[in-house]
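A.B. asks: This is the structure I want to talk about, given as structure tokens.
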Ligand code: FPP
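If you want it as structure tokens, here you go:
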């Protein structure tokens, strides 16, 4: 893979855990567990391929509406992942961050997340944003409230400023947003930040989205032409050197 064409920031909607489990006659939570196993593999692949920011959609503000047993199970899994995986992530040079409403989680989990963020603060091989209790609309509402609370005047507000009030402040926007399980929906994920992201739909459930699938997605991204609202001719480097300038 051409390192120059590896996306700096990849985000993933890890869809299909439930269907993966049900297709095997297993409870849905077994699918989420398999999803965590896969996450470990894809984080390692990010480090290997040179991705610098990786954002995962683990629990949305809408997921609270799922059956109680599944919500509790996902909280339990987050707790367990923090206990079990933190040292390995730290060893790999991963810096953990959280995006979303931390204050909506159990105090014991909040504390663990904060400790994990602190423990990995100095790492810089990969920034891993865990979107947990995250919603894109909620993030924008939160940003607007914060701007009003800071007493900002209307003229002071522009796109850069809004970006700085989001949970992803200071990080580049995602270049590539992958969704597994073949769905073609944004589902309230990185609404602002995804303005010019390339989208990629993988036709496998998240637990089956392996390193090769990930490589395919990155290669596909590498072949896309990103125009950011311009036309092709404006983007291509000049084929013939400019004789007049001698360059
Ligand atoms: C979508 O599949 C997946 C989720 C809502 C949760 C993703 C969570 C994990 C992979 C584990 C938790 C991760 C961390 C970091 C603690 P779905 O359940 O909607 O699948 P379905 O559409 O087939 O039902």
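Numbering (our numbering), first residue to last: 859 to 1105.
Virtual Cβ for every residue (Gly too), placed ideally from N, Cα, C.
Fair warning: this is a prediction, and the values are worked out from it, not measured in the lab.
(1) Looking at residue 1061: is its Cβ nearer than 8 Å to the Cβ of residue 1080?
(2) Apart from the five residues just before and just after residue 1090, which ones in its own chain have a Cβ nearer than 7 Å to its Cβ?
(3) Taking the alpha carbon of residue 1059 as the point to measure from, which residue in 864, 869 and 860 has its own alpha carbon closest?
(4) Which class does residue 971 belong to by DSSP, given the choice of helix, strand or coil?
(5) Residue 861 to residue 894, Cα distance in whole Å?
(6) For residue 1005, verify whether its CB is less than 7 Å away from any heavy atom of the ligand FPP.
(7) Ordered along the chain, which non-local residues of its own chain (more than five positions away) have a Cβ less than 8 Å from that of residue 882?
(8) Report back the beta-carbon spacing between residue 933 and residue 901 to the nearest angstrom; my notes put them in contact at under 8 Å.
(9) With a CB to CB cut of under 8 Å and the five nearest residues on each side skipped, what residues in its chain are close to residue 984?
(10) Output the distance between the C-alpha atoms of residue 1018 and residue 948, rounded to the nearest integer angstrom.
(11) Excluding sequence positions up to five away, which residues of its chain have a Cβ less than 6 Å from the Cβ of residue 1030?
(12) Short of 6 Å in beta carbon distance, which residues of its chain neighbour residue 987, apart from the five on each side in sequence? Order them along the chain.
C.D. replies: The structure says:
(1) Translated into the one-based positions of the chain shown, residue 1061 becomes position 203. Translated into the one-based positions of the chain shown, residue 1080 becomes position 222. Not closer than 8 Å, so no.
(2) The sequence position of residue 1090 within the chain shown is 232, counting from 1. Result list for residue 1090: 1083, in chain order.
(3) Within the chain shown, numbered from 1, the residue matching residue 1059 stands at position 201. Here the closest residue by C-alpha is 869.
(4) Residue mapping note: residue 971 aligns to position 113 of the chain shown, counting from 1. Looking at residue 971 - three-state DSSP - the assignment turns out to be helix.
(5) As a working note, residue 861 is residue 3 in the chain shown. As a working note, residue 894 is residue 36 in the chain shown. If I take the Cα positions, the gap works out to 27 Å.
(6) Locating residue 1005 in the chain shown gives position 147, counting from the first residue. Flag unset: Cβ of residue 1005 not near the ligand FPP.
(7) Here residue 882 refers to the residue found at position 24 when the chain shown is read from its first residue. Excluding positions up to five away in sequence, the list reads 888.
(8) As a first step, residue 933 must be located in the chain shown, where it is residue number 75. As a first step, residue 901 must be located in the chain shown, where it is residue number 43. Not a contact, Cβ separation roughly 21 Å.
(9) Taking the first residue of the chain shown as position 1, residue 984 is located at position 126. Excluding residues within five positions, the ones whose Cβ falls inside 8 Å are 901, 904, 905, 909, 910, 911, 912, 950, 951, 952 and 953.
(10) Residue 1018 sits at position 160 when you count from the first residue of the chain shown. Residue 948 sits at position 90 when you count from the first residue of the chain shown. Rounded to whole angstroms, residue 1018 to residue 948 spans 31 Å at the Cα level.
(11) The residue you call residue 1030 lines up with position 172 of the chain shown. The residues are 866 and 867.
(12) Your numbering for residue 987 matches position 129 in the chain shown. Once the five neighbours on either side are set aside, the close Cβ partners of residue 987 are 913, 955 and 957.
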